[in-house]
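By numbering that gives the first Met the number 0, the letter at position 229 of the first sequence is numbered 228, and the numbering carries on one by one without gaps.
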Amino acid sequence: MTEEKGLNFIEEIIEEDLKNGKYRQIITRFPPEPNGYLHIGHASSICLNFGLTQKYGGYTNLRFDDTNPVTEETEFVESIKEDVRWLGFEWKNELYASDYFDTLYQYAITLINKGLAYVDDSSSEEIAALKGTPTEPGKNSPYRGRSVHENLDLFERMRNGEFKDGSKTLRAKIDMAHSNMLMRDPVLYRIKHAHHHRTGNKWCIYPMYDLAHGQSDSIEKVTHSICTLEFVPHRELYDWLIEKLEIYPSRQYEFARRNLTYTITSKRKLMQLVNENHVQGWDDPRMTTISGMRRRGFTPESIRDFCDRIGVAKRENMVDMSLLEFCVREHLNKIAIRRMAVLDPVKLVITNYPKDQTEEVWSENNPEAENNGGTRPVMFSGELWIEREDFMEVPVKKWFRLAPGAIVRLKSAYIIKCENYIKDKEGNITEIQCSYIPESRSGNDTSGIHAKGTIHWVSTAHAAKAEVRLYDRLFTVENPTGEEGDFTRYINPNSLQIIKEAYIENSLKEAKEGNKYQFIRKGYFTPDKDSTPEHPVFNRTVTLKDTWVKESRK
RNA sequence: UGGCCUAUAGUAUAAUGGUAGUACAACAGAUUUUGGUUCUGUCUGUCUUGGUUCGAAUCCAGGUAGGCCAACCA
Numbered sequence: 000m001t002e003e004k005g006l007n008f009i010e011e012i013i014e015e016d017l018k019n020g021k022y023r024q025i026i027t028r029f030p031p032e033p034n035g036y037l038h039i040g041h042a043s044s045i046c047l048n049f050g051l052t053q054k055y056g057g058y059t060n061l062r063f064d065d066t067n068p069v070t071e072e073t074e075f076v077e078s079i080k081e082d083v084r085w086l087g088f089e090w091k092n093e094l095y096a097s098d099y100f101d102t103l104y105q106y107a108i109t110l111i112n113k114g115l116a117y118v119d120d121s122s123s124e125e126i127a128a129l130k131g132t133p134t135e136p137g138k139n140s141p142y143r144g145r146s147v148h149e150n151l152d153l154f155e156r157m158r159n160g161e162f163k164d165g166s167k168t169l170r171a172k173i174d175m176a177h178s179n180m181l182m183r184d185p186v187l188y189r190i191k192h193a194h195h196h197r198t199g200n201k202w203c204i205y206p207m208y209d210l211a212h213g214q215s216d217s218i219e220k221v222t223h224s225i226c227t228l229e230f231v232p233h234r235e236l237y238d239w240l241i242e243k244l245e246i247y248p249s250r251q252y253e254f255a256r257r258n259l260t261y262t263i264t265s266k267r268k269l270m271q272l273v274n275e276n277h278v279q280g281w282d283d284p285r286m287t288t289i290s291g292m293r294r295r296g297f298t299p300e301s302i303r304d305f306c307d308r309i310g311v312a313k314r315e316n317m318v319d320m321s322l323l324e325f326c327v328r329e330h331l332n333k334i335a336i337r338r339m340a341v342l343d344p345v346k347l348v349i350t351n352y353p354k355d356q357t358e359e360v361w362s363e364n365n366p367e368a369e370n371n372g373g374t375r376p377v378m379f380s381g382e383l384w385i386e387r388e389d390f391m392e393v394p395v396k397k398w399f400r401l402a403p404g405a406i407v408r409l410k411s412a413y414i415i416k417c418e419n420y421i422k423d424k425e426g427n428i429t430e431i432q433c434s435y436i437p438e439s440r441s442g443n444d445t446s447g448i449h450a451k452g453t454i455h456w457v458s459t460a461h462a463a464k465a466e467v468r469l470y471d472r473l474f475t476v477e478n479p480t481g482e483e484g485d486f487t488r489y490i491n492p493n494s495l496q497i498i499k500e501a502y503i504e505n506s507l508k509e510a511k512e513g514n515k516y517q518f519i520r521k522g523y524f525t526p527d528k529d530s531t532p533e534h535p536v537f538n539r540t541v542t543l544k545d546t547w548v549k550e551s552r553k
């Protein structure tokens, strides 16, 4: 049975192109500017571009659009490569727009020779003043009428470094009254006496996006150049330049960038969060950068699945964060090893358990795993740590956990009954005293008693200490950039909660970066890069779904 | 007083002139030694007004709403 899944509009275009023989294979590219770290929005573009060539045959290049030396750095190049690989994609060629600077320079000369470009001495303010507005036509620059010979001479001298930054530009000669603002003699080259991360000081003039991107696509014979909606107005210029230069006709297609609730997907704004220390770096686990999500414990599979589910379209959108959480829970449920960890401990003493006795109980590693996951031994004793929130002095209705006189199952061990509890002067509960039912041991329970609730625990004598970092959404509102004022006003002050002394199963000390765990009843966790065997640190990737919080609010 | 893009449940996305479907979310229930997982069920939708057609979410026209465009950024 073939499941007919609807095609997105780009797949439709490609299938049509393939069917009518326009192309034998398709070539796409992922074209980041190395001026920041990749985020969840880029993941969509990566999955799209690489996914398309995997599906239809062909290949995808990784091309860095590095035409602005003042913002670009090698650090970003390296992080981008790491992130794309981590997401599970391998590019055919690693390319750089800066590799084409000689060719692009020649393209500019071709345009000058055709009378389609000129050197303008106007300042950026003067250019802006003559540009007009969306509703009013612009006016020609006084330098627009220069001869080809003069333009050639001036452009060469720009290249030779005779002029200061900003004193001259090369502009296309199109139409200052055009309804598309981008066609009003767009700037093609500008002077920047700046060090480039790859070409060093070879150049002091650099091409603008419009003369670099489409031409790079063309040089690489990219068939489908896929970008986001804000480039729609550029398409007319993209096509104009290819036509006038008479080069390989790559075609541009635009889809809507993906927005996610309670976060931002803007490199500029993410950089602001880093620079203003609202977060602790690009890979802060609260960031929806690829590196932040990796550190937090997301899997590439879950991110790819997410991108797949949200699809591709042309309308404005705001995807629910709960879908991303669903995707990561679904994957982690299958692969994460279950362990017990007590995050907010309170002592529980089993009064009728033989003093100084210990025993091993066996607990499942992951019954949901493909190969069943097996079991592990866990040390049990008469003195345990349990979760403070699992005891209620005055239970609410439908409370299945511990309360005076209530019974509960200790996961993989015995059923216990709460007999007493001790408070300190401030009224904090310091110890809960229970009796246990020896015949109720997990695996050979002959007690005939059914406990409605099951809670997790660790033995005080056998547990290890760990630091646990709990993350919540970074913003308090769904669309922080859509609200009044600067988006940083809406940062969630409680997005990070650090627990210095949680208790974990001893074996968890050996957990390695990249390992995935489910702390039973608490969520999915992964060791942070700061973690050591002496001082284990865990990040909470995502909580478990919690229907009790909803029930308890009723 | 311009040009371009878009409009299907709360969210995202299918249906390509022929029964408006799927996922997430929400809600109800079953199972459960995780109030997890799994399973079952329920709720909610074609922006609007005309037109073409036997038949329109789909094609056409006019509205309306939202987005983008006036960086020597990409």
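Glycine included, C-beta positions come from ideal geometry on N, C-alpha and C.
- In this structure, the beta-carbon distance from R308 to A255 does not fall below 8 Å.
- In this chain, the alpha helix (DSSP H) harbouring F100 covers 100-112.
- Excluding sequence positions up to five before and after P394, its CB lies within less than 6 Å of the CB of A402, all in the same chain and listed in chain order.
- Residue burial annotation: Q517 is buried, with at least 16 other C-beta atoms found within 10 angstroms of its C-beta.
- Look at the beta carbons and you see the segment 458-466 touching the segment 496-505: at least three pairs across the two are nearer than 8 Å.
- For R293, the closest of G35, D16, W85, I45 by C-alpha to C-alpha distance is W85.
- Secondary structure in the segment 207-246: the alpha helix (DSSP H) runs of 4 residues or longer, each lying completely within the stretch, are 208-218, 233-244 in chain order.
- By the neighbour-count definition (other C-beta atoms within 10 Å, threshold 16), E386 is a buried residue.
- Boundaries of the beta strand (DSSP E) around F379: 374-380.
- Under the three-state reduction of DSSP output, T198 falls in the coil class, being neither helix nor strand.
- The DSSP-derived three-state label of N538 is strand.
- Counting C-beta atoms within 10 angstroms of its own C-beta, V548 has fewer than 16 neighbours from the protein chains shown and is therefore classed as exposed.
- In the three-state scheme derived from DSSP, where H, G and I count as helix and E and B as strand, E392 is classed as coil.
- Per the coordinates, the alpha-carbon of F297 lies some 33 Å from the alpha-carbon of S441.
- Burial of N150 is indicated by the presence of at least 16 other C-beta atoms within 10 angstroms of its C-beta.
- Around the beta carbon of L6, a 10 Å sphere encloses fewer than 16 other beta carbons of the protein chains shown; the residue is thus reported as exposed.
- Taking 8 Å as the cut-off, the Cβ atoms of V360 and F390 do not count as close.
- If you draw a straight line from the Cα of L17 to the Cα of D184, it is about 36 Å long.
- For the pair D119 and K167, the CB atoms are nearer than the 8 Å cut-off.
- Annotation for S43: R257, C306 place their beta carbon closer than 6 Å to its own, counting only its chain and skipping 5 residues before and after.
- Remark: three or more beta-carbon pairs, one from each stretch, lie closer than 8 Å, so the segment 58-70 and the segment 22-32 are flagged as touching.
- Distances from the CA of H38 to each of Y58, D82, T73, K21 were compared; the closest alpha carbon is that of D82.
- Between N491 and L473, the gap from beta carbon to beta carbon is short of 8 Å.
- One alpha carbon belongs to K333, the other to E367, and they sit about 6 Å apart.
- Taking S123 as reference, the option from P437, I190, F100, V345 with the minimal CA-CA separation is I190.
- Spatial neighbours of E358 in its own chain (CB-CB distance under 6 Å, excluding positions within 5 residues in sequence) are listed in chain order as F379.
- Cα atoms of H534 and Y489: separation of roughly 33 Å, rounded to the nearest angstrom.
- Between S434 and K416, the C-beta spacing is below 8 Å.
- The C-alpha of L507 is placed about 9 Å away from the C-alpha of A340.
- Contact holds between the segment 92-104 and the segment 204-220, because three or more Cβ pairs, one in each stretch, are under 8 Å apart.
- Here DSSP, grouped into helix, strand and coil, assigns Y413 to coil.
- Relative to P526, the option among T262, N34, E509 whose CA is nearest is E509.
- Residues of the same chain with a CB within less than 6 Å of the CB of I421, apart from the 5 flanking positions on each side, are T429, E430 in chain order.
- Straight-line measurement puts the Cα of L272 at about 11 Å from the Cα of D282.
- T132 and H330 have their C-alpha atoms spaced approximately 51 Å apart.
- Taking the Cα of R338 as reference, the smallest distance to any Cα among T134, E504, Q53 is reached at E504.
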